[in-house]
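Residue numbers (our numbering): 4 to 705.
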């Protein structure tokens, strides 16, 4: 393939193991390249021409003035004649792996290099090389672009313009492949390449139909949508229709003029209406309000007229012709998507943002109900318990864990996540929904503004914990094995819909449990201030306790073991050490201890550590010695739990008190200062590694 090689020989060298890559020749001026490729065994060639050329190969050359074919095709190799920069840009937006072009003169090389750099900046790398190749009988200078990034699968496929559409669809039907032409069947074959043919396809037949389309170089567009929204066959990363509705459409097709299958009359009406309302929106011609009239000025078809006629034919005549009414109409027919799907669709179809989700399951509470979905991959890799434990440590309390049976799985697949449970950007699919976790967040966090653009419907910043959880799980696997192990709702509205879809019978006990938790968590005393920090296990409040200031620590449900450790230290050990505050009162889920005024400057971390080093080193060591002598370690021992008061040094927070199984040889080797072993089996502070605080204590004490 050195200088003097033909373009056909160069292409042959690109595909050594396969003799017939799909080649699109744009602006062909003769049939020479077609003949040269055929001599090398490649008949998968299509040339587009704007003027008639002298050839006997009419089945290889298609006349079109539409430059859009440069982008809209299924070619693996594109050859451009006398290319300008705009044509090169379009070719780079196609799915081709190689682009060969000899530039027009003068060619804008500066913009060409800028275009390559721009693509690289968007992680769409293209390499390029200069080649002198023989073309049209003479030596010419070519630029060869080589795709260095992976093409994302998409619904769009292409059929050869020389393969008649109706017989092609009939062949698919004869092969017993399950599909329907979704709409505009009466206009097929279309006269314009701008019109695509939309097929709804059974998951099991998607690849067979895609391969049939890709058999030859194509420029006639088809969009393939699978039932479940499999990779490259969904809409906005979701199933095109909710999967249970897509299945209904495929179950009862009818033959259009004995040519190909289409939805029956009722499903055609409802599926087209769904498309108009949720995919097209205002572009369908339907207005937003009852007082406005339909207008097809911006619509690609006259949806209002056709759908009104179909409503009459189905004995379901519309009372109004506006989008909110049609949404309610579809909801009444069981054809409206779930709230999380509507929200995802609203990114492109902005009118959907005006829809207010129904609040039928809401109940009074002080916190927020949340749902997370553990996927099959996580269960199969033994991460179910890890996930539940991680979320608990993060402060989210488990209300119910629903291990989905076959029926519940089907409901979850269809009604959650837009029906799409594919791999997304991950190498491995997270699999189907396996476990629904119903959680309660006692203390929802405000949504940070910088994330609002990407996640507009998230109301509680604690939902973003899932990103850290996913990372922590995936760090345990090689890059090629990683997956999205967990999905979540965006807010309480979606959470309630998830429960309603999968296990509505659990709602009464969920409501009862949460309302009891809230009641137990209420503070009866007068609250003077909030002293809480992270509130993962408990809230800490400054209260009026019989006329004096005191600290009340109230624990969330399920955290009784942490409370019992604190009661042990404050109540039983406190009288033996001046460093431990006394226990003033206790209850089933709380303790009350004295409030100490701390010196204002101790709020500055560096100053506090310096004071501990210069004035309180012996006290710190005395505290660790005290617990060591009694067989205990303070696993969460750090300066934040030491109070510098007028009454001297005080130590607080004993949630992670640990009783040694085997006592270290001396107190200098205690877990308080050296940290806990990596395989430590007991409770450990969230996000803290075993030896994380060793250096800090060394700087203070030594």
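For each residue, glycine too, the CB sits at the ideal point set by N, CA and C.
Can you name the start and end residues of the alpha helix (DSSP H) that residue 675 belongs to?
674-677
Three-state class that DSSP yields for residue 135 in the structure shown
In this structure, residue 135 counts as strand in the three-state DSSP scheme.
Please identify the residue among 661, 636, 522 whose C-alpha is closest to the C-alpha of residue 669.
636
Do residue 539 and residue 396 have their C-beta atoms within less than 8 angstroms of each other?
Yes.
Nonlocal neighbours in the same chain, by C-beta distance under 7 angstroms from residue 678, ignoring five residues either side
The residues 693, 694, 695, 696, 697, in chain order, have a CB closer than 7 angstroms to that of residue 678 in the same chain once the five nearest residues on each side in sequence are set aside.
Rounded separation between residue 561 and residue 198 - CA only:
59 angstroms
In this structure, does DSSP put residue 304 in helix, strand or coil?
coil
Suppose the cutoff is 6 angstroms on Cβ atoms and the five residues either side in sequence are ignored; what does the same chain contact list for residue 445 look like?
370, 559
State yes or no: is the C-beta of residue 72 within less than 8 angstroms of the C-beta of residue 101?
No, the Cβ-Cβ distance between residue 72 and residue 101 is not below 8 angstroms.
C-beta atoms of residue 96 and residue 221 nearer than 8 angstroms:
no
Nearest to residue 105 by CA position, among 667, 98, 433, 145, is which residue?
145
With DSSP as the reference, label residue 144 as helix, strand or coil.
DSSP places residue 144 in strand when its eight states are reduced to three.
With a CB to CB cut of under 6 angstroms and the five nearest residues on each side skipped, what residues in its chain are close to residue 491?
375, 466, 469
Buried or exposed: which applies to residue 291, given that a residue is buried once 16 or more other Cβ atoms fall within 10 Å of its Cβ?
exposed
Is residue 638 near residue 674, with beta carbons less than 8 angstroms apart?
yes
CA nearest to the CA of residue 619, picked from 646, 597, 596
646
If you check the beta carbons only, do residue 584 and residue 593 fall under 8 angstroms apart?
no
How long is the line joining the alpha carbons of residue 1 and residue 179, rounded to whole angstroms?
Look at the range of the chain in this structure, 4 to 705, and you will see that residue 1 is not part of it.
Taking only the alpha-carbon atoms, compute the straight-line gap between residue 5 and residue 91 and give it to the nearest angstrom.
Caution applies to residue 5, whose pLDDT of 47 falls short of 50 and renders its modelled position unreliable; the value that the coordinates give is listed next. It is roughly 24 angstroms from the alpha-carbon of residue 5 to the alpha-carbon of residue 91.
Beta carbon of residue 82 nearer than 8 angstroms to that of residue 29
yes
Just verifying my parser: in three-state terms, what is the DSSP assignment at residue 112?
helix
Three-state class that DSSP yields for residue 166 in the structure shown:
coil
Any idea what DSSP makes of residue 606, helix, strand or coil?
helix
Of the choices 350, 260, 378, whose alpha-carbon is the least far from that of residue 412?
378
Where does residue 649 land, buried or exposed, given buried means 16+ other C-beta within 10 angstroms?
exposed
From residue 421 to residue 232, what does the alpha carbon distance come to, in whole angstroms?
9 angstroms
Relative to the alpha-carbon of residue 331, which residue among 359, 316, 394 has its alpha-carbon at the smallest distance?
Distances from the alpha-carbon of residue 331 to those of 359, 316, 394 put 359 closest.
To the nearest angstrom, how far is it from the Cα of residue 596 to the Cα of residue 700?
Rounded to the nearest angstrom, the two C-alpha atoms are 27 angstroms apart.
Can you find the residues in the same chain that come closer than 8 angstroms, C-beta to C-beta, to residue 533, ignoring five residues on each side of it along the sequence?
Answer for residue 533: 542, 543, 544, 545, listed in chain order.
CA-to-CA distance, residue 135 to residue 143, given in whole angstroms
The C-alpha of residue 135 is placed about 6 angstroms away from the C-alpha of residue 143.
Which two residues bound the contiguous alpha helix (DSSP H) that contains residue 411?
Residues 409-418.
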